[in-house]
Amino acid sequence: MKIAILPGDGIGPEIVAEAVRVLGALDLKFETETALVGGAAYDAHGHPLPEATLKLAREADAILFGAVGDWKYDKLDRPLRPEQAILGLRKQLGLFANFRPALCYPQLTHASSLKPELVAGLDILIIRELTGDIYFGQPRGRRTAVDGHFPGAEEAFDTMRYSRPEIERIAHVAFQAARKRSKKVTSVDKANVLETFQFWKDVVTEVHAQYPDVELQHMYVDNAAMQLVKAPKAFDVVVTGNMFGDILSDEAAMLTGSIGMLPSASLDKDNKGLYEPSHGSAPDIAGKGVANPLATILSVAMMLRYTLNQNAAADRIESAVQSVLSAGLRTGDIWSEGTTKVGTRAMGDAVVAAVAGTTKTITTKT
Ligand code: IPM
Ligand code: MG
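Just so we're aligned: 370 in our numbering is position 309 of the sequence shown, and the numbers increase by one with no gaps anywhere.
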């Protein structure tokens, strides 16, 4: 099994390093190969997704991705911006199904900005369509762009579109995922305003006919955003388009205490996948050793479960994360009174130790 390691920019390299160490602590044989992606690749090769990186990603059985982006690339023409690397990987590899589980760990109930009773036991799964929508509309409003900006222009535009097969396949993914959970799907749209999402709603409803055992509810995106903070536990599987999914998954992440806890999987039709934390490159804290590596470590668990069929190893990582949280270790983003603040490396050390089955007392404070 070969895993492509693409650390990227900002905190990407720090958090990915910890996740790779956790992978190494399992007694499984993997071949890993690392490549540049995002701004780091642009700096070295003049392109955010060099041919060699794309080739490695294509050939690997799974991809572990950190994060891309930094303000210093804001003046680049859009096709050269670091974000194009992740968008390009998703599109080129057909990674259309994005799983973003929002789980509130009991140890972190108090880290949420919502009242503990609203989030205790929260376990929702956002399934975001990842290769269509306004993200990949054609034509794109670039006619008048200069260095990615629009000096003196009168308009810019992006087009929103979805095709029937694109909606059908993500709807199947959502209904099948719901069958393994509490058999309830909320499809989020904006059918009251947008043609694309009336079509989305119609197609999801058609596909639902094949899943009579699963309950389907439709919800407008503005209401969904509100319900997510009002009564998040009323949701189970949420399926939505690329743009709404981007926004709602960040919102859902925060319910759990920190976006630094949220893993994600982006899968193709054969369950080959790219695994990345749901958060971004956080350039403001990059290189300081304070970023939370748990989202990336938990992404490795998802990789083991969804693509590499190593459920026992995935369980080991997830329980190791639980045990370091129970031991009171916290990075700054999830720290609260009475817990021990640790940095990226110490958090990684603790998970590695827990995976290896040894107990280790961490005294490092940052
Ligand atoms: C995400 C990110 C990306 C997206 C960016 C970095 C292109 O926000 O994975 O949610 O918008 O999809
Ligand atoms: Mg996002």
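Every residue gets a Cβ at the ideal spot worked out from N, C-alpha and C, and that includes glycine.
Which of the three DSSP states, helix, strand or coil, is assigned to K63? strand
Where K294 falls: helix, strand or coil (DSSP): helix
Identity of the residues DSSP links to Y281 by a beta bridge: D250
Can you tell me which of A356, G418, Q145 puts its alpha carbon nearest to the alpha carbon of A163? Closest option to A163, judged by alpha-carbon separation, among A356, G418, Q145: A356.
Whole beta strand (DSSP E) runs in the segment 147–192 with 3 or more residues, listed along the chain? 158–164, 184–190
In this structure, what does DSSP give as the bridge partners for A78? A78 pairs with nothing; no bridge assigned.
Does the segment 118–128 touch the segment 145–154, meaning 3 or more C-beta pairs lie closer than 8 Å? yes
Rank I231, F258, Q237, K245 by C-alpha distance to the C-alpha of R222 and give the top, closest one. F258
With the cut-off set at 9 Å, would you say K251 and D283 are in Cβ contact? yes
For A102 and T114, believed in contact at Cβ under 8 Å, the rounded distance: 6 Å
For D104, is the beta carbon positioned less than 8 Å from some heavy atom of ligand 1? no
Does the beta-carbon distance from L323 to S310 come in below 9 Å? yes
Inter-residue Cα distance where the pair is P293 and V299: 11 Å
Residues proximal to ligand 1 by C-beta, any heavy atom closer than 5 Å: E144, D307
If we ignore side chains and look at the alpha-carbon of each, how far apart do I231 and E190 end up? 6 Å
What are the boundary residues of the alpha helix (DSSP H) that A235 is part of? 225–240
Under the three-state reduction of DSSP, which class applies to E216: helix, strand or coil? Reduced to three states, the DSSP call for E216 is coil.
Can you tell me whether S310 is helix, strand or coil according to DSSP? helix
Comparing the CB of G473 with every heavy atom of ligand 2, is any distance shorter than 8 Å? Given that the chain is displayed from residue 62 to residue 427, the structure contains no residue 473 and the question cannot be resolved.
Given that a residue counts as buried once 16 or more other Cβ atoms are within 10 Å of its Cβ, and exposed if not, what is A158? buried
Under the criterion of a Cβ to heavy atom distance below 8 Å, does G341 qualify as lining ligand 2? yes
In its own chain, which residues sit with a C-beta less than 6 Å from the C-beta of V265, not counting the 5 before and 5 after it? A232, S248
Could you give the C-beta distance for A508 and G71, rounded to a whole number, given that I count them as a contact under 8 Å? The first residue shown for the chain is 62 and the last is 427, placing residue 508 beyond what the model contains.
Sorry if obvious, but does the Cβ on S387 come closer than 8 Å to a heavy atom of ligand 2? Checking the Cβ of S387 against ligand 2 gives no.
Ends of the beta strand (DSSP E) at F126? 123–128
Could you say if the segment 367–374 and the segment 338–352 meet the contact criterion of at least three C-beta pairs nearer than 8 Å? no
Let's test the definition: count the other Cβ atoms within 10 Å of the Cβ of E215 and tell me whether it reaches 16, buried, or not, exposed. The residue is exposed, with fewer than 16 neighbouring Cβ atoms inside 10 Å.
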